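Notes follow once the structure below has been shown.
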Amino acid sequence: MYWNPATITQFNGKTIEQVVTGIMPRSSHTTTTATGTSAAFGNPGSQGIDALVPAGYSSLQVNDKIWLGMAVNAPFGLGVHFPQVNAASSGGSANSARVETYNFSPTIAYKINDMISVAVGVQAQYLKASYDLYLGAAPSIGSLNGGGWSYGWTAGVTLTPMPKTTIGIGYRSAIDQKVNGTLVTNTTGLSTPGSVNLTLPLPDMLTVGLRQGIGERFTLLAGVEWANWSRIGRVPVLQPSGAAATVGGAALAFPFNYRDGWYYSLGGEYKLDPAWTVRAGIAFERTPISDDVRTVRIPDNDRMWYSVGASYKPASIKGLNFDLGYSFIDVKSASICMGAASGCPTNPWSGASTYIGSVKTNINIVSVGVRYQWDADPTPVRQRYAK
């Protein structure tokens, strides 16, 4: 439903699902060269912050043509934290940062016929962020904290050209996320502490998915997703007057300069019996962060996903479904080169000091879901599939 709201027409009656996901990132830093404020950086270990992320989805079939739905989730976020002694690659590219989003998406779907369903929805998204900066021997040059609401839309279509074939196409619009906050700094002169604002251009996303039944028990799953991260370039921090916010005389901005992201997945699910279904999959994701814009704070790189999961429908309770999923994300070792004297002066995050090193990251994700569908067909108690 998050990627394609038209999928709600596949659930009769009333359906509600609650999901909780644990995300556990781990990274290992190796420093090759560090000078100036970067010299204290060292090898701080894992800077990723574990997170417990809830989500909820519901749908209501109004009649044989119309469904209403609501999705509540957290599409962007998580954070990093460095010990204060390690808090500095190239004059402030590291230290603590946290971003949280809360997305509310009411949806209406229309089933044109047994082959085609369409849907549209609204996105109302709240983003909260905090960002700490570091300056040499001083605790920090400042911190930026704020939040704000912004809006977008979503749309989707499902096609069922054959009984065992479903094709889904989903689109989530870009959101120009407004953030209003406060800049606090311990520097004197040439700084503009107080109210600030910025606009963060978050990407639009297009997803295409396929479910293809093969035989009585097996279903092939495949998908591709494009995320328009190239729309997020340099994001300036502004005063209420529209002038640039400054710290120590320098205009404050986030030079993200990302490229588009791509995600390709292939998997399958197998019905052991009417109650149990198991699944597994593999995926490749191309990071939107290229070598020349990578920082210690966000050391992302291309990654492989390896996932397994299972669903259980107890025969004793009609309409109840339990889901469990696990993913291991193996991120390719990422090189980091920053600073005008580093030999990599094109990195827009570079400051006066030099940092050269690498980061190896992996992420464990565990997700548990419970779904209940009113008016669902009962699960057969003793039925078994033919050999």
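Convert by adding 7 to the 1-based position in the sequence shown; the result is the number in our numbering. Just so it is clear, CB atoms sit at the ideal spot from N, CA and C, and this is done for glycine as well. If you're wondering where the values come from, they're calculated on a predicted model, not measured in any experiment.
Enumerate in chain order the residues of its own chain whose CB-to-CB distance from Asn371 is below 7 Å, with the five nearest sequence positions on each side excluded. Within the same chain, Asn371 has close Cβ partners Met31, Phe335.
In whole angstroms, give me the CA-to-CA distance for Asp183 and Val338. Their Cα atoms are separated by approximately 28 Å.
Through-space distance from Leu217 to Leu228, alpha-carbon basis: Between Leu228 and Leu217, the C-alpha separation is close to 6 Å.
Alpha carbon to alpha carbon, how far is Val127 from Thr114? Give it in angstroms, no decimals. Taking the straight line joining both Cα atoms gives about 6 Å.
On the premise that Gly376 lies in contact with Asp330, defined as a C-beta separation below 8 Å, what is that separation, rounded to the nearest angstrom? About 4 Å; that satisfies the 8 Å criterion.
Considering only the alpha carbon of each residue, which of Val300, Ala341, Ser272, Pro306 lies closest to Ala290? Ranking the options by Cα distance to Ala290, first place goes to Ser272.
From Val186 to Arg378, what distance separates their C-alpha atoms? Approximately 34 Å between the Cα atoms of the pair.
Residues that DSSP places opposite Ser66 in a beta bridge: DSSP lists Thr22, Gly76 as the beta-bridge partner residues of Ser66.
Closer than 6 Å by C-beta to Leu213: which residues in its own chain qualify, once you throw out the five before and the five after it? Chain order, please. Around Leu213: Tyr178, Trp233.
Considering Cα atoms alone, identify which of Gly159, Leu209, Val203, Leu67 is closest to Arg266. Nearest C-alpha to Arg266: Leu209.
Out of curiosity, what's the CA-to-CA distance linking Thr368 and Asn354? One C-alpha to the other measures close to 21 Å.
Starting from the C-beta of Gly230, find all residues in its chain whose C-beta is less than 6 Å away, skip the five residues before and the five after it, and write them out in chain order. For Gly230, where only same-chain residues beyond five positions count, the Cβ hits under 6 Å are Gly216, Ser272.
Tell me where the beta strand (DSSP E) around Val242 begins and ends. In this chain, the beta strand (DSSP E) harbouring Val242 covers 241-243.
Proximity winner among Gly364, Ala383, Thr189, Ser374, relative to Thr38 (alpha-carbon distances): Of all alpha-carbon atoms in Gly364, Ala383, Thr189, Ser374, the one lying nearest the alpha-carbon of Thr38 is that of Gly364.
Report the residue from Asn204, Phe261, Arg293 whose alpha carbon sits nearest the alpha carbon of Gly433. For residue 433 there is no data in the structure shown, the boundaries of the chain being 8 and 394.
Let's test the definition: count the other Cβ atoms within 10 Å of the Cβ of Ala41 and tell me whether it reaches 16, buried, or not, exposed. With 16 or more other Cβ atoms within 10 Å, it is buried.
On the criterion of 16 or more Cβ atoms from any shown chain inside 10 Å, does Ile239 qualify as buried, or is it exposed? By the 10 Å Cβ count, Ile239 comes out buried.
Rounded Cβ spacing between Val69 and Ser124 (contact assumed at less than 8 Å): About 14 Å separates the CB atoms of Val69 and Ser124; that is not less than 8 Å, and the two are not in contact.
Whether Ala131 touches Trp156 by CB criterion (8 Å): By the CB criterion at 8 Å, Ala131 and Trp156 fall inside the cutoff.
Considering only residues of the same chain and omitting the five flanking positions on each side of Lys21, which have a CB-CB separation below 6 Å? Result list for Lys21: Leu67, Trp381, in chain order.
Would you mind stating whether Arg241 and Ala260 have Cβ atoms separated by less than 8 Å? Contact: yes.
Measuring straight from C-alpha to C-alpha, what distance separates Ala181 and His36? Rounded to whole angstroms, the gap between the alpha carbons of Ala181 and His36 is 33 Å.
So, Tyr319 versus Ala282, is the Cβ gap smaller than 8 Å? With a cutoff of 8 Å on beta-carbon distance, Tyr319 and Ala282 are scored as near each other.
Provide the residue span of the beta strand (DSSP E) that contains Met345, from first to last. Per DSSP, Met345 belongs to the beta strand (DSSP E) from 327-345.
In chain order, which continuous runs of the beta strand (DSSP E) of length 3 or greater are located wholly inside the segment 168-216? Listed in chain order, they are 172-179, 182-191, 201-209.
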